[in-house]
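If you read the sequences in order, they're chains A and Y.
If you count the first sequence from 1, you need to add 19 to reach our numbering.
If you count the second sequence from 1, you need to add 1352 to reach our numbering.
Below is one structure, written out as C-alpha cells; comments come after it.
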Amino acid sequence: DAGVIQSPRHEVTEMGQEVTLRCKPISGHDYLFWYRQTMMRGLELLIYFNNNVPIDDSGMPEDRFSAKMPNASFSTLKIQPSEPRDSAVYFCASRRVNYGYTFGSGTRLTVV
Amino acid sequence: RKEVEQDPGPFNVPEGATVAFNCTYSNSASQSFFWYRQDCRKEPKLLMSVYSSGNEDGRFTAQLNRASQYISLLIRDSKLSDSATYLCVVNYNQGGKLIFGQGTELSVKP
Chain A
20 DAGVIQSPRH
30 EVTEMGQEVT
40 LRCKPISGHD
50 YLFWYRQTMM
60 RGLELLIYFN
70 NNVPIDDSGM
80 PEDRFSAKMP
90 NASFSTLKIQ
100 PSEPRDSAVY
110 FCASRRVNYG
120 YTFGSGTRLT
130 VV
Chain Y
1353 RKEVEQDPGP
1363 FNVPEGATVA
1373 FNCTYSNSAS
1383 QSFFWYRQDC
1393 RKEPKLLMSV
1403 YSSGNEDGRF
1413 TAQLNRASQY
1423 ISLLIRDSKL
1433 SDSATYLCVV
1443 NYNQGGKLIF
1453 GQGTELSVKP
C-alpha cells in the first residue's frame, strides 16, 4: 500500500500564477478530502468527494480555488490566480466508510 | 463557538509523567471520534479511535462522554518521542467529513 501520494512536495510561485496540486488516493478508498493547514487557522476542510463526486465545497475560500476528481485514482486542486495569503500546507486525505483518514505528505505552497 | 475545541497548550512535561488532553465538540449528532498525532512539518496520523466504552492502546487511553460532549486522551509514562501535536477529531456521520480541533501541543522533556 503506497499510501496517499501528493505532488509536488514543495511549490514556490509568484503571485498571480496558476498552481496545481495533485493527489492519488489509496485504492479502494471512496472518499477524498482536500485540507489546508496554517498556524493561524489550523486544518481547514476545503472540499471533499465521494465516488468522484464533489459533496461539500463550502470550505473553498474563493472562486480562485477549484478541485476536480476525474476518476477514482486522481484529484487536483487548482488556484488561479495565486495570492500570498494562499501560502499554506495543503493535504489530501482519503478514507473508506467507518474508518479514519489517511493523509498524504502534503504540498507546502509558498506564494511570493 | 468552534465545532471542536481543544486547549492548544503547549503542555511541557518531564519524561515519565502522565498527561491528559481534553476536547469538547458542539454537535450532539457526532458519531465517531478519533485522536490524531501530528509531528512537526508532517501529516496527521491516526493515533486511535475513541469508543463509547473507552479504550486503551498501550500507554494511551481514550475516553468519550457523550452526555457532556467531551473526549479525553491520557498518556501514561510519557516518552520523548510522544512530543507532537495531538488533534481531536469528530465525524457527524459515518461516511462524511472529519472535523479537526486546533490541536494540543505536547513537549516531553528529559
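Ideal Cβ placement from N, Cα and C applies to all residues, glycine included.
Everything numeric in this text was worked out from a predicted model, so none of it was measured.
Non-local C-beta neighbours of Cys1375(Y) in its own chain, meaning closer than 6 Å and more than five positions away in sequence, comprise Gln1358, Ile1423, Cys1440, Gly1453, ordered along the chain. Taking a C-beta distance under 8 Å as the contact criterion, Cys111(A) and Phe68(A) do not qualify as a contact pair. Within the model, the alpha-carbon separation for Glu37(A) versus Leu128(A) is close to 12 Å. The region 54-66 of chain A makes contact with the region 75-95 of chain A: 3 or more CB pairs, one atom from each, lie closer than 8 Å. Of all residues in the region 56-71 of chain A, only Gly61, Leu62, Leu64, Tyr67, Asn69 come within less than 8 Å of chain Y when Cβ atoms are compared, listed by chain position. CA-CA distance, Pro1362(Y) to Asn1379(Y), rounds to 26 Å. About 14 Å separates the beta carbon of Ala1419(Y) from that of Gly1406(Y), a gap too long to meet the 8 Å contact definition. Runs of beta strand (DSSP E) with 3 or more residues, each lying fully within the region 1365-1427 of chain Y, are found at 1371-1377, 1384-1390, 1397-1402, 1407-1409, 1412-1417, 1422-1427, listed in chain order. Residues of chain Y whose Cβ lies closer than 8 Å to the Cβ of Asp75(A) are, in chain order, Gly1448, Lys1449. Tyr1438(Y) has Arg1389(Y), Thr1456(Y) as its beta-bridge partners, per DSSP.
Around Ser1424(Y), no beta-carbon contact reaches into chain A at under 7 Å, the shortest distance being about 18 Å. Between Asn71(A) and Met58(A), the C-beta spacing is not below 8 Å. Taking a beta-carbon distance threshold of 8 Å, Phe1373(Y) does not count as an interface residue toward chain A. The distance from the Cβ of Val1365(Y) to that of Val1356(Y) is about 23 Å, inconsistent with a contact at the 8 Å cut-off. C-alpha of Arg1411(Y) to C-alpha of Leu1425(Y): approximately 10 Å in a straight line. Annotation: Cβ neighbours of Glu1395(Y) in chain A (cutoff 7 Å, chain order): Phe110, Phe122, Gly123, Ser124, Gly125. Interface criterion met: the Cβ of Gln1454(Y) is under 8 Å from a Cβ in chain A. A direct Cα-Cα distance of roughly 22 Å separates Tyr1403(Y) from Tyr50(A). In the three-state DSSP reduction, Asp82(A) falls in the coil class, being neither helix nor strand.
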